[in-house]
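The structure appears right after this line, and notes come after that.
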Amino acid sequence: DNEEQEKKSETTKQKESDDRVKPTSADDDKSKSDKKEDAEKKPAGLAAVAEQAEDEEGGKGGSKGGKQKSVLQTKLTRLALYIGYIGMAAAFLTLICLIVRFCITNYAVKGKKASGADVSYFISFLIQAITVVVVSVPEGLPLAVTLALAYAVRKMMTDNNLVRHLDACETMGNASTICSDKTGTLTTNRMTVVQCYVNGKHYDKLPKNEEINKDLLPLLFEAVTVNSNYTSKIEKPKDKEDGGLPKQVGNKTECALLDLVQKWGGSYDEVRKNFPEDKLVKVYTFNSARKMMSTIIERDDGYRLYTKGASEMVLTKCKSIIDKDNKPKDLSEDEKKKITKDVIEKMANDGLRTICIAYRDLGKEKQNWDDEDKIIKDLICIGLVGIEDPVRDEVPEAIEKCQKAGVVVRMVTGDNIMTARSIATKCGIIKPDDDFLILEGKEFNKRIRDSSGKISQKKLDEVWPKLRVLARSSPQDKYNLVNGIVESRVTENREVVAVTGDGTNDGPALKRADVGFAMGIQGTDVAKQASDIILTDDNFSSIVKAMMWGRNVYDCIAKFLQFQLTANLSAGVISVVSAAAISSVPLRAVQMLWVNLVMDTLASLALATEPPTEDLLNRKPYGRTKSIISPMMMRNIIGQSLYQLVIMFIILYAGQYFLGVESTVTKLQSDPHAGRELSAQFTMVFNAFVLMTLFNEINSRKLHGERNVFKGIHRNPFFYGIWISCFIAQILIVTFGSNVFSCERLDIKQWAWSLLFGVGSLIWQQILLFIPIKPFSRCFSGIYRVCCPCLSKRKKSEDSEEEDDEPQKKSGEKRQKRRHSKKESTEDDNEKIFGKYATVGHLTNATVVMAPPPIFARYMLRKSVDRLNTEFQVINAFRSRLEVVKEKKTEISTEQKRNSQDHLIDE
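Next comes the structure, spelled out in structure tokens:
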């Protein structure tokens with residue numbers, strides 16, 4: 001049939017498993033003792049897929065036990081380590097310079113003796129060094145990351161993205177590959193039968209019921225109705241819902257067939273009354289291996305089997321077909337090939353999903369219904385239908401945006417290769433001029449496996465770069481593809497993979513991907529639990545919105561780093577140099593703390609709340625290994641720091657000539673105590689530094705060389721509100737701070753100069769944009785290797801280890817033990833309830849959003865989070881009530897069956 005029915009069958013299997021393992025009184029003790037162990041196990045389907053992948057990878061680590069660090073977390077961890085080393089080094093140098101210069105000046109040159117009063121100087125030196133550490137280390141970085149993610153999560157709710165893991169936001173911004181399902185994601189999931197092949201004739205347009213043999217219709221109606229999930233139905237539209245079209249409830253493919261029954265004058269409700277669900281003898285549910293669904297019913301003339309599914313699969317099991325005289329006609333292999341070529345492939349080329357409907361009379365005697373191969377064979381083909389699932393209107397535009405953004409979209413579907421190619425062409429995934437590859441699951445497996453049958457990363461690397469469509473794929477194929485792309489090192493910055501999934505067996509692929517998207521409407525609870533983000537509308541365009549928000553989060557954090565590292569570098573250098581040169585630091589401890597407040601807390605709130613724009617989709621993704629500090633950012637950081645240092649040193653050594661201030665530097669040469677007094681010159685240094693930092697905050701809004709730094713500033717009230725507040729606070733501190741902030745009041749002329757220095761950073765930024773990036777990048781890398789040889793060698797060794805890291809093969813003894821234990825536990829696993837993936841509570845429990853930090857909760861997230869948690873509680877209570885009702889119904893039906901005469905005779 002199609003991949004939609006797979007999740008239905010998995011749910012049915014889970015329910016049947018639940019019924020089978022209800023313990024008797026004799027098994028109560030055993031079930032209680034095993035309850036804790038069962039809660040930690042996975043369903044057999046998931047366990048089989050995950051463990052098989054683990055065996056094939058040979059310990060490569062592909063099936064990870066949990067989520068690793070996100071892309072941004074890895075980059076920030078390394079960056080914070082480097083900044084910490086540099087900050088500690090700057091503080092240590094500051095302390096040594098202050099102590100050595102003080103000792104030489106007082107004890108060696110002036111010949112003074114040490115006294116208890118000198119201890120206060122050493123304590124002040126220590127405080128100054130600690131202040132340098134506080135300013136150098138970006139302790140506001142975690143706050144900036146949290147704010148950016150929390151703000152994005154809140155906004156993404158309105159874009160139909162329910163984020164379960166915060167780090168998925170920024171990871172999605174780095175995504176370079178999207179492996180998407182077809183049904184419901186790229187298409188509307190509103191199936192309609194538009195072509196058919198009955199009585200030996202192919203109809204390009206669906207005929208009216210008068211054109212069909214009337215003796216065939218009852219058989220067709222019964223075959224469609226009985227061999228479908230009874231939960232699938234067609235409802236009348238309510239209040240112009242869905243554009244006034246009938247509402248399809250349940251499996252969409254089955255709904256299309258039921259709609260065909262109604263169009264041809266039949267009533268599936270009447271058939272279901274004649275054959276209620278509890279009277280069905282045997283149901284072979286759809287799965288990825290069968291690609292078909294079969295049902296056995298008992299009629300007056302004996303038992304009958306009805307089958308429907310993928311045309312090429314069902315047709316191979318047919319020995320005859322109903323001809324134009326409404327009689328079975330033998331079907332040879334040549335005729336099967338002709339039907340495949342003239343009908344099935346033609347429908348598939350039109351982008352239709354082809355379904356074959358067949359039946360077989362089994363006689364009046366009971367048989368071993370579990371022998372599937374013996375039962376489902378020698379079928380009589382009733383006909384074939386072509387079902388259309390239109391592409392969503394917004395999907396081609398969304399995929400075009402992805403391609404412009406440097407993101408490759410790959411379609412992974414269970415449909416045949418012709419249908420998949422047609423839909424991919426309509427969506428824009430493949431284009432005639434492109435060099436692409438379209439494979440079926442079987443061919444894909446042949447190409448990626450070596451002679452021993454194991455997956456080879458080298459062979460996979462030859463396939464996936466050009467692969468755009470994977471048709472007739474199983475969940476295992478999907479997992480292998482995702483794992484291969486994640487582990488691949490053929491690209492410069494390595495791939496970051498996003499995956500969509502809706503079935504239970506998609507769990508391993510969703511877990512293995514960097515970002516897993518589950519379908520909120522069609523998705524199973526297991527898929528939602530394994531995912532990072534839930535698409536509440538099952539729409540591909542929502543993935544593009546998630547990517548835009550992810551890139552915005554990444555850029556917001558990069559903006560904050562660009563701003564903070566500039567101020568850190570300037571403050572660190574001025575502290576070390578002035579300590580060595582004049583035995584005093586012009587930026588006092590309290591002033592440093594105010595600068596730190598401006599740089600960390602307030603700047604993180606201002607820069608982390610920048611709204612996204614469509615321009616974010618005009619650049620390629622950064623990838624997994626590219627540094628968060630780009631060469632352009634480094635140019636801006638060093639260039640602005642250089643400007644700030646030049647201005648501060650001019651004020652220190654030449655300020656007395658044009659600012660009207662007394663030179664404190666000259667005083668310090670004769671009187672070391674002058675550094676403790678209020679100084680207009682030091683106040684000018686502090687004031688100019690803060691104003692240059694504030695104006696550089698405006699420059700930091702742009703990362704990619706944009707000249708108009710004010711563009712879009714009006715769209716972020718947080719930014720200009722905080723900026724104005726900081727400017728006003730700086731005026732009050734300098735004017736009225738006095739001894740508290742070690743500031744001397746400045747006159748109008750000095751304020752004008754300070755303001756001019758601040759505005760100068762905006763002008764200087766325009767000059768910096770003329771400096772080319774490549775020579776600057778090479779120069780910086782050379783300086784980095786010379787000045788930081790240890791860090792450079794460590795990074796080089798880490799990169800070489802990653803490149804040389806090859807999958808280690810597990811020993812045969814361990815593998816044999818694992819397989820032996822797996823064989824022993826297979827039967828038990830199939831008969832147990834797996835609590836970890838129970839279907840009711842996990843969606844609600846797993847998707848509860850954590851309460852935000854209390855300071856910002858009232859203003860940003862509290863209302864949305866409370867509303868969301870309330871909705872989840874209502875859903876949980878409703879579903880729990882449904883389970884109670886279902887259990888009671890099952891108990892009643894079991895009791896009735898036990899007391900029935902037939903049951904007693906069988907016993």
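Numbering of the sequence shown is given in our numbering, commencing with residue 1 and proceeding in unit increments. Just so you know, even glycine gets a beta-carbon here, dropped at the ideal spot from N, CA and C.
(request) Going by CA-CA distance only, name the one from Leu-149, Ser-124, Arg-707 and Asp-555 that's closest to Ile-988. (result) Residue 988 is absent from the model: the chain starts at 1 and stops at 907.
(message) Counting C-beta neighbours from all protein chains within 10 Å, is the total for Pro-237 16 or more, i.e. buried, or is it exposed?
(response) By one-based count along the sequence shown, residue 237 stands at place 237. By the neighbour-count rule (16 or more Cβ atoms within 10 Å), Pro-237 is not buried but exposed.
(message) Taking the alpha carbon of Asp-538 as the reference point, which residue from Arg-494, Ala-589, Val-391 and Lys-774 has its own alpha carbon closest?
(response) In the sequence shown, residue 538 corresponds to position 538, counting from 1. Ranking Arg-494, Ala-589, Val-391 and Lys-774 by Cα distance to Asp-538 puts Val-391 first.
(request) Answer with buried or exposed for Val-759, where buried requires no fewer than 16 other C-beta atoms within 10 angstroms of its C-beta. (result) Here residue 759 is taken as the residue at index 759 of the sequence shown, counted from 1. Burial call: exposed.
(message) With a threshold of 8 Å, are at least 3 pairs of Cβ atoms found where one atom belongs to the region 143-156 and the other to the region 86-95?
(response) Contact between the region 143-156 and the region 86-95 is absent, because fewer than three Cβ pairs lie under 8 Å.
(message) Please report the distance separating the alpha-carbon of Lys-545 from that of Met-156.
(response) Numbered from its first residue, the sequence shown carries residue 545 at position 545. Numbered from its first residue, the sequence shown carries residue 156 at position 156. Taking the straight line from one Cα to the other gives about 8 Å.
(message) Under 8 Å: do the region 744-758 and the region 598-616 share three or more Cβ pairs, one atom per stretch?
(response) At 8 Å Cβ cutoff, the stretches do not touch.
(message) So Leu-703 and Met-633 are supposed to be a Cβ contact under 8 Å. How far apart are they, rounded?
(response) Residue numbering aside, residue 703 sits at position 703 when the sequence shown is read from its first letter. Residue numbering aside, residue 633 sits at position 633 when the sequence shown is read from its first letter. Correct: roughly 6 Å between the Cβ atoms.
(request) Rounded to whole angstroms, what's the CA-CA distance from Leu-257 to Lys-279? Just pull it up for me. (result) Here residue 257 corresponds to residue number 257 of the sequence shown, with the count starting at 1. Here residue 279 corresponds to residue number 279 of the sequence shown, with the count starting at 1. If you take the alpha carbons of Leu-257 and Lys-279, they lie about 22 Å apart.
(request) Measure the CB-CB distance between Asn-251 and Ser-232 and report whether it falls below 8 Å. (result) Along the sequence shown, one-based indexing puts residue 251 at 251. Along the sequence shown, one-based indexing puts residue 232 at 232. Closer than 8 Å, so yes.
(request) For Ile-647, collect the residues of the same chain with a Cβ closer than 7 Å to its Cβ; drop the 5 residues on either side in sequence, then sort them by chain order. (result) Counting from one through the sequence shown, the residue named residue 647 turns up at place 647. The residues are Ala-688, Met-692 and Phe-757.
(request) Rank Gln-73, Phe-560 and Glu-139 by C-alpha distance to the C-alpha of Ile-637 and give the top, closest one. (result) Sequence index remark: in the sequence shown, residue 637 carries index 637 (1-based). Taking only the C-alpha atoms, the option nearest Ile-637 is Phe-560.
(message) According to DSSP, is Arg-421 part of a helix, a strand, or is it coil?
(response) The sequence position of residue 421 within the sequence shown is 421, counting from 1. In this structure, DSSP gives Arg-421 a helical state, which the three-state scheme calls helix.
(message) Which complete alpha helix (DSSP H) runs does the region 331-417 hold, if anything under 4 residues is left out?
(response) The region 331-417 contains these whole alpha helix (DSSP H) runs: 333-339, 345-349, 372-375 and 395-404.
(request) Could you tell me the distance, in whole angstroms, from the CA atom of Lys-749 to the CA atom of Phe-727? (result) Numbered from its first residue, the sequence shown carries residue 749 at position 749. Numbered from its first residue, the sequence shown carries residue 727 at position 727. The C-alpha of Lys-749 lies about 18 Å from the C-alpha of Phe-727.
(message) Is it buried or exposed, Tyr-657, if we count other Cβ atoms within 10 angstroms and call 16 or more buried?
(response) Position 657 of the sequence shown, counted from the first residue, corresponds to residue 657. Exposed.
(request) For Pro-328, write down the residues that DSSP places opposite it in a beta bridge. (result) On the sequence shown, residue 328 is found 328 positions in, with the first residue counted as 1. In the DSSP output, where bridge partners are listed per residue, Pro-328 has Ile-322.
(request) Report yes or no: do the region 154-171 and the region 67-82 share at least 3 C-beta pairs separated by less than 8 Å? (result) Yes, the region 154-171 is in contact with the region 67-82.
(message) Distance check for Met-292 and Val-194, CA to CA, integer angstroms please.
(response) Taking the first residue of the sequence shown as 1, we reach residue 194 at position 194. Taking the first residue of the sequence shown as 1, we reach residue 292 at position 292. A straight-line Cα-Cα distance of about 21 Å links Val-194 and Met-292.
(message) Given this structure, state the Cα-to-Cα distance separating Asn-106 from Leu-565, to the nearest angstrom.
(response) Position 106 of the sequence shown holds residue 106. Position 565 of the sequence shown holds residue 565. Straight-line measurement puts the Cα of Leu-565 at about 36 Å from the Cα of Asn-106.
(message) Would Thr-425 pass as an interface residue toward chain C - the criterion being a Cβ-Cβ separation below 8 Å?
(response) In the displayed structure, chain C is absent; only one protein chain is listed.
(message) Between Ala-948 and Val-482, how many whole angstroms is the CB-CB distance? I'm expecting something under 8 Å.
(response) The displayed coordinates of the chain run from 1 to 907. Any statement about residue 948 would go beyond what the structure contains.
(message) Would Asp-389 and Thr-524 qualify as a contact pair, given that the criterion is a beta-carbon distance under 8 Å?
(response) Locating residue 389 in the sequence shown gives position 389, where the first residue counts as 1. Locating residue 524 in the sequence shown gives position 524, where the first residue counts as 1. No, the pair does not count as a contact, with Cβ atoms beyond the cut-off.
(message) Comparing C-alpha positions only, which one of Lys-110, Ser-228 and Leu-76 sits nearest to Ile-355?
(response) Taking the first residue of the sequence shown as 1, we reach residue 355 at position 355. For the residues Lys-110, Ser-228 and Leu-76, the minimum Cα distance to Ile-355 belongs to Ser-228.
(request) Quick one: measure Cβ to Cβ for Leu-305 and Arg-360, integer angstroms, because I've assumed they're closer than 8 Å. (result) One-based indexing of the sequence shown puts residue 305 at position 305. One-based indexing of the sequence shown puts residue 360 at position 360. The Cβ separation is near 5 Å, so the contact holds.
(request) Classify Gln-808 as helix, strand or coil using the three-state DSSP reduction. (result) Residue numbering aside, residue 808 sits at position 808 when the sequence shown is read from its first letter. Only weak support is given to the placement of Gln-808: the predicted model assigns it a pLDDT of 45, under 50, and the question is left unresolved by the model.
(request) Starting from Met-548, trace the alpha helix (DSSP H) both ways and give me its first and last residue. (result) Here residue 548 refers to the residue found at position 548 of the sequence shown. For Met-548, the enclosing alpha helix (DSSP H) begins and ends at 540-582.
(request) Alpha carbon to alpha carbon, how far is Gln-248 from Arg-190? Give it in angstroms, no decimals. (result) The sequence position of residue 190 within the sequence shown is 190, counting from 1. The sequence position of residue 248 within the sequence shown is 248, counting from 1. Spanning the two alpha carbons is a distance of roughly 7 Å.
(message) Relative to the C-alpha of Lys-478, which candidate in Val-490, Leu-460 and Leu-587 has its C-alpha closest?
(response) On the sequence shown, residue 478 is found 478 positions in, with the first residue counted as 1. For the set Val-490, Leu-460 and Leu-587, the Cα lying nearest the Cα of Lys-478 is the one of Leu-460.
(request) Have a look at Ile-357 and Lys-341 and give me their C-alpha separation to the nearest angstrom. (result) Working through the sequence shown from its first residue, we reach residue 357 at position 357. Working through the sequence shown from its first residue, we reach residue 341 at position 341. When only Cα atoms are considered, Ile-357 and Lys-341 end up about 18 Å apart.
(request) Measure how close the beta-carbons of Gln-591 and Ser-742 come, nearest whole angstrom, since I'm counting them as under 8 Å. (result) Here residue 591 is taken as the residue at index 591 of the sequence shown, counted from 1. Here residue 742 is taken as the residue at index 742 of the sequence shown, counted from 1. The C-beta distance from Gln-591 to Ser-742 rounds to 6 Å, short enough to meet the 8 Å contact threshold.
(request) Grab me the residues of Val-407's own chain with a C-beta within less than 8 Å of its C-beta, minus the 5 sequence neighbours each way, in chain order. (result) The residue given as residue 407 occupies position 407 in the sequence shown. Spatial neighbours of Val-407 in its own chain (CB-CB distance under 8 Å, excluding positions within 5 residues in sequence) are listed in chain order as Ala-175, Ser-176, Thr-177, Ile-178, Met-547 and Pro-621.
(request) Assign Lys-511 to one of two classes, buried (16 or more other C-beta atoms within 10 Å of its C-beta) or exposed (fewer than that). (result) Locating residue 511 in the sequence shown gives position 511, where the first residue counts as 1. Buried is the call here.
(request) Compute the Euclidean distance between the alpha carbons of Asp-259 and Met-411, then round it to the nearest angstrom. (result) Numbered from its first residue, the sequence shown carries residue 259 at position 259. Numbered from its first residue, the sequence shown carries residue 411 at position 411. About 28 Å.
(request) Note down the Cα distance separating Ala-405 from Ser-542, rounded to an integer number of angstroms. (result) Against the sequence shown, residue 405 aligns to sequence position 405. Against the sequence shown, residue 542 aligns to sequence position 542. Each residue's Cα considered, the two are about 15 Å apart.
(request) Provide the residue(s) that pair with Phe-936 in DSSP beta bridges, ordered along the chain. (result) The shown model of the chain, from 1 to 907, leaves out residue 936, and the question about it has no answer.
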